[in-house]
Amino acid sequence: MAPQELIDTIFLSDKRERFLLLLLEGPTDIKKVKDHLNVTSSSILPQIKKLREKGLVSKDDEGIYDLTTTGRLIVENLLPLACLLDVFDSKEYYWETRDMDVIPRHLVENIGQLGEVEVIEPDLDHMYDLQPQLHSNMLQSNYIKCLISFFHPDHVEFFNYLSSAGKNLELLFTASVMERILAESPSDMQKLIEQENVDIRLFRENDYIPSLTIGDDFTYFCFFNKSHMYDHRDIISFTEGSIEWGAQLFVYYRDLSVPVSSDMLSEIINGSD
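Its first residue numbered 662, the sequence shown is counted upward by one per residue in the working numbering.
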């Protein structure tokens with residue numbers, strides 16, 4: 662099969678693509694296919710027929726579908742591309758304007774791990790509010806990790822609320838954000854630092870790392886644009902891959918940061934090393 666024909670066979674039909682990805686998990690029958698993909702027999706069977714004709718899928722005497730050896734090799738190698746297409750699907754305008762230079766190369770190369778993402782753009786009346794989807798998902802999580810690289814006046818108050826509600830928080834602030842917080846609400850930060858279920862760290866290397874929140878079952882990203890401006894365009898994902906990718910990004914920056922204690926606050930205000 663010619664490469665272009667192969668790509669067309671798999672990616673020009675959402676049903677064929679999802680069916681092949683389902684078979685990566687193991688052999689299955691038509692009932693499970695219909696239930697899992699939420700399709701009818703009349704809509705999926707013609708697509709399965711095309712895949713069988715191309716030698717990608719087999720069917721045994723009991724009606725069980727499986728990937729052929731060739732089909733499995735092809736689909737396993739095309740899976741990263743399929744994931745990457747999910748990330749960028751109809752969202753090119755967003756990614757084209759993001760500053761990705763601050764992201765470690767190995768994570769940029771694996772950005773397809775995010776899977777399906779939703780771009781969030783608030784209307785003008787709510788541009789400066791904490792985003793409702795972020796707010797609600799944090800409230801539903803028990804363990805929360807955050808990178809905070811842009812200032813919001815409600816951040817620390819909300820973190821204190823989450824802490825008092827028993828949430829476990831790992832918070833990493835850039836130097837510029839920490840300085841702004843200490844200039845405007847030092848007592849709130851002091852209260853936050855004193856909580857046993859809160860770990861706070863300071864990242865001094867770069868002020869333009871993306872803001873990131875990882876909860877129990879979601880990941881929320883705020884990437885700066887290429888002009889190093891936060892334009893209130895965010896993305897959220899609920900895939901396991903996005904949580905893993907976000908956790909790797911968090912660990913990367915955490916390893917370059919330093920823990921913050923009460924004794925450090927005055928040093929930070931004065932810009933001490």
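C-beta atoms are modelled at their ideal positions from N, C-alpha and C, and glycine is treated no differently.
Predicted, not measured: the structure shown is a model, and the values here were computed from it.
In the stretch 795–879, which residue ranges form an unbroken alpha helix (DSSP H) of at least 4 residues, counting only runs that do not cross its ends? 816–825, 836–845 and 847–854
Which residue wins for smallest C-alpha separation from Glu723, given the options Ile904, Lys692, Ser903 and Glu782? Lys692
What is the C-beta distance between Phe864 and Leu917, in whole angstroms, given that I count them as a contact (C-beta under 8 Å)? 6 Å
As assigned by DSSP and simplified to three states, the class of Ser903: helix
Measuring CA to CA, which of Gly902, Val919, Tyr913 and Val921 is closest to Leu740? Gly902
For the putative contact between Ser872 and Phe811, defined by C-beta atoms under 8 Å, what is the C-beta separation to the nearest angstrom? 6 Å
Closest by CA to Thr730, which one among Met761, Tyr755, Gly687 and Leu746? Gly687
Pro920 by DSSP, collapsed to three states: which one? strand
Where the beta strand (DSSP E) through Asp727 begins and ends: Tyr726 to Leu728
At what residues does the alpha helix (DSSP H) containing Ser704 begin and finish? Ser702 to Glu714
If you draw a straight line from the C-alpha of Asn798 to the C-alpha of Ile805, how long is it? 10 Å
Indicate the three-state DSSP secondary structure (helix, strand or coil) for Val778 in the structure shown. coil
Just list the alpha helix (DSSP H) runs in the stretch 730–764, keeping only unbroken ones of 4 residues or longer that don't cross its boundaries, in chain order. 730–749 and 753–756
Output the distance between the C-alpha atoms of Gln856 and Asn829, rounded to the nearest integer angstrom. 10 Å
Look at the alpha carbon of Leu728 and the alpha carbon of Asp762, and state the distance between them as a whole number of angstroms. 39 Å
Decide if Ser802 is buried, meaning its Cβ has at least 16 other Cβ atoms within 10 Å, or exposed. buried
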